[in-house]
Amino acid sequence: MSSENCICLLTFMRAGEISCDIDTLISSLPFGESERERLLSMKNPAAQKNSLSALLCLDRLIKRTDLGSEELTIVREKNGKPRFASLPYHFSITHSRDLCAVALCKENVGIDLEFVDASRNVETLSKRFFSSEEHSRLLASENSLEDFFALWVKKEALAKLSGEGLASICRGQIIDRSAHSFKEYRLTVDGADACLALCFEKAAPNIAINDTYEEIKIYEIQN
């Protein structure tokens, strides 16, 4: 995998896809003892399965590159951002409902995925988390629901790239396209719509998408 390519793996993970014993799967992961202990210590079964499915996606993705024989131990920075201890590659993980996405790249990358949820009061959330300019644009939009989630995933992807997480969004972080680049996608999964964004510090590399399912329709948004 060259530095010009970022591979984005999208996997629709239903409970039936994890066919082995969860403890056995966790023990088989190549990402180091601390990651295995973290997964085994999780008390919420749904959260544990989400985290496990994402690491299984990362494992599948690595096996399709030339990285399979490398040291793959994952460590976590003080802010909680995961990274490889010694491998000169970056990865980012996200999941929403039962769909997870993984990005692997030589450049720093952040990724976020959110299903469009009509039950959310997007005007209230926009007023709280978006800048006044962003909020005004949303209020004027003819499709404020999708536009809210499209902007939210970009903010989350940027927050994951920086490692600041939701704290940066709560501070009213503004999307600055002169400082970062994005790749944006729309997905339809079993009739449900979702937004996906990847964020990079430099010009966005080429994206190779692997492991989509028949239930997933995905297309890139050109901006």
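Just so we're aligned: 113 in the numbering used here is position 44 of the sequence shown, and the numbers increase by one with no gaps anywhere.
All C-beta atoms in this analysis are idealised placements derived from N, C-alpha and C, irrespective of residue type, glycine included.
In the displayed model, Val185 falls within coil according to three-state DSSP, outside both helix and strand. Each residue's CA atom was taken as its position, placing Arg105 and Leu127 some 14 Å apart. Remark: C-beta atoms of Ala266 and Glu253 approach each other more closely than 9 Å. With distances taken between CA atoms, Ala116 lies nearest to Leu168 out of Leu168, Arg152, Ser250. Burial check for Gly179: the Cβ neighbour count within 10 Å reaches 16 or more, so the residue is buried.
Residue nearest to Ser122 within the set Ser201, Ala261, Ser97, Arg206 is Ser97 (criterion: CA-CA distance). By the CB criterion at 9 Å, Ser213 and Val185 fall outside the cutoff. Around the beta-carbon of Leu108, 16 or more other beta-carbon atoms lie within 10 Å, marking it buried. Per DSSP, the unbroken beta strand (DSSP E) holding Asp262 starts and ends at 261-269. For the region 94-165, the full-length beta strand (DSSP E) segments reaching 3 residues or more read 143-145, 151-153, 159-165 along the chain. Non-local beta-carbon contacts of His204 in its own chain, meaning distances under 6 Å to residues more than five positions away in sequence, involve Ser195, Lys196 in chain order.
Counting of Cβ neighbours within 10 angstroms places Leu208 among the exposed residues, the total staying below 16.
Beyond the five residues adjoining it in sequence on each side, Pro151 comes within less than 7 Å, by CB distance, of Ile143, Arg145 in the same chain, given in chain order.
Here the alpha carbons of Asn113 and His249 stand approximately 35 Å from one another. Counted as a single uninterrupted DSSP element, the stretch harbouring Ala248 is not any beta strand (DSSP E), since DSSP gives it neither H nor E. Ile87 and Met111 have their C-alpha atoms some 17 Å from each other.
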